[in-house]
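Just so we're on the same page, the numbering used here is the position in the sequence shown counted from 1, plus 11.
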Amino acid sequence: MKVLHAPRLVLVHGTRMDAREWAAYPPLLPEAEVVAIDFPGHGSRLGEEFTADAAVASIAAAVETRAPGQAVVLAGHSLGGYLAMLYAARHPTALDALVLIGSSAEPDGPLSGIYRRFAALLPRVGAERMARVSNAVMRRLGAPREMLTGPESYAALPAAWQVVFDECRADLLTGVACPVFLVNGQFDQMRLHVRRFADAAHDPHVVTVPRATHFLPITHAEQVADVLREALAASVSRA
């Protein structure tokens with residue numbers, strides 16, 4: 012008799028965040044096996060060097076330990092979305108659905124300039140001060156205190172975003188075989204090129220969450236969970 016497994020949902024965090032970003036999701040999605048990972052240089056792996064290969068290997072370890080026949084959905088936010096896309100491009104048949112949250116802007120032009128200026132500003136302002144300001148903004152947006160990270164979380168930021176600048180473009184999606192969900196907040200600058208990403212994907216699903224910002228996985232968990240539920244259903248059908 013065939014044994015059926017709940018689909019696995021692999022969740023990858025954004026810049027300066029870690030697996031705690033997804034703390035609300037296991038109870039929201041009891042139908043899934045939820046696996047939230049830390050990238051090198053983040054969370055439980057703060058002392059490790061961030062590289063593209065190491066980040067992709069972190070995703071691979073969570074995806075490829077699935078049970079035989081188990082469907083897998085990979086979802087990433089911001090930095091995590093870009094690295095999820097890079098994993099999917101390198102393993103185009105490994106996933107049953109891909110969800111990219113706040114990561115459908117090409118990292119070039121004005122957007123690249125913003126992040127490069129931020130990286131250049133960091134040594135002058137100091138990680139402690141930057142963390143204090145960033146955390147204050149996130150608290151105003153509704154992030155719980157236990158989800159906030161300290162100044163040490165900035166150490167991996169320049170290397171992480173250099174990977175995005177160098178390797179992550181919409182055309183990574185051209186060979187990805189599974190459905191791709193492009194999820195953005197209405198007020199998120201990271202949805203600038205969503206049509207470009209949708210045109211590159213084989214089976215795109217574009218979702219814009221009203222009145223949400225770049226931090227929608229934290230501020231609009233129920234709406235994001237609804238999209239993840241749809242992706243999980245699609246993954247089971249494919250599997």
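Ideal placement from N, C-alpha and C gives every residue a C-beta, glycine not left out.
Going by DSSP, what residue range makes up the alpha helix (DSSP H) through residue i?
| i | result |
| --- | --- |
| V238 | A232 to R249 |
| L90 | L90 to R101 |
| A178 | Per the sequence presented here, residue 178 reads as Glu, with Ala not at that position. That run of the alpha helix (DSSP H) goes L168 to E178. |
| L39 | Y36 to L39 |
When the Cα atoms are used, what is the spatial distance from residue i to residue j?
| i | j | result |
| --- | --- | --- |
| A17 | A72 | 18 angstroms |
| D49 | Q234 | 23 angstroms |
| L243 | S145 | 32 angstroms |
| S160 | E59 | According to the sequence displayed, residue 160 carries Thr and not Ser. Cα-Cα distance, rounded: 16 angstroms. |
| H231 | S115 | 18 angstroms |
| R180 | T219 | 20 angstroms |
| P190 | V45 | 19 angstroms |
| V74 | R151 | 34 angstroms |
| E32 | L183 | 25 angstroms |
| T26 | R143 | 15 angstroms |
| H53 | G80 | 31 angstroms |
| D237 | A34 | 16 angstroms |
| A95 | R135 | 31 angstroms |
| F176 | A154 | 27 angstroms |
| A211 | R240 | 23 angstroms |
| M224 | S248 | A quick correction: the sequence has Thr, not Met, at residue 224. When rounded, the distance between both Cα atoms is 31 angstroms. |
| L90 | P118 | 11 angstroms |
| Y93 | E178 | 9 angstroms |
| A166 | Y36 | 27 angstroms |
| Q173 | A147 | 26 angstroms |
| R207 | S55 | 35 angstroms |
Determine the DSSP secondary structure at residue i, reduced to helix, strand or coil.
| i | result |
| --- | --- |
| R56 | helix |
| P215 | strand |
| G87 | strand |
| M12 | Residue placement at M12 cannot be trusted, given a pLDDT of 33 that sits under 50; what the coordinates show is reported in the next sentence. Residue state, collapsed to three classes: coil. |
| P162 | helix |
| L227 | helix |
| F61 | coil |
| G254 | The first residue shown for the chain is 12 and the last is 250, placing residue 254 beyond what the model contains. |
| R77 | coil |
| V45 | strand |
| V187 | coil |
| A66 | helix |
| A4 | Not covered by the structure: residue 4. The range shown for the chain is 12 to 250. |
Based on Cα-Cα distance, which residue from the options lies nearest to residue i?
| i | options | result |
| --- | --- | --- |
| H213 | A166, R77, T104 and H88 | T104 |
| M158 | A244, T76, P228 and V46 | P228 |
| E42 | E59, F198, R135 and A82 | A82 |
| A47 | L168, P221, V84 and A78 | V84 |
| R222 | G196, R240, D107 and R156 | G196 |
| A66 | C189, A170, A188 and A209 | A170 |
| R77 | V21, L184, G92 and V148 | V21 |
| L109 | T224, A209 and P38 | A209 |
| F192 | A147, D177 and P215 | P215 |
| V23 | A245, R206 and I112 | I112 |
| A188 | Y36, S246, A68 and G87 | S246 |
| D29 | L15, E163, A63 and A147 | E163 |
| G186 | P51, L106, M149 and A86 | L106 |
| V217 | S69, L168 and V194 | V194 |
Compute the minimum distance between the beta carbon of residue i and the heavy atoms of the ligand NAD, and state whether it is under 6 angstroms.
| i | result |
| --- | --- |
| L193 | Questions concerning the ligand NAD fall outside what the structure shown contains, since it holds no ligand whatsoever. |
Got a sec, what are the start and stop residues for the beta strand (DSSP E) residue i sits in?
| i | result |
| --- | --- |
| P190 | P190 to G196 |
| L22 | R19 to V23 |
Can a CB atom of chain D be found closer than 7 angstroms to the CB of residue i?
| i | result |
| --- | --- |
| A17 | The structure shown contains no chain D; it is built from a single protein chain. |
Pair every Cβ in the region 201-221 with every Cβ in the region 97-105, then say whether three or more of these pairs are closer than 8 angstroms. Proximity of the region 201-221 to the region 97-105 falls short of the contact definition, fewer than three beta-carbon pairs being nearer than 8 angstroms.
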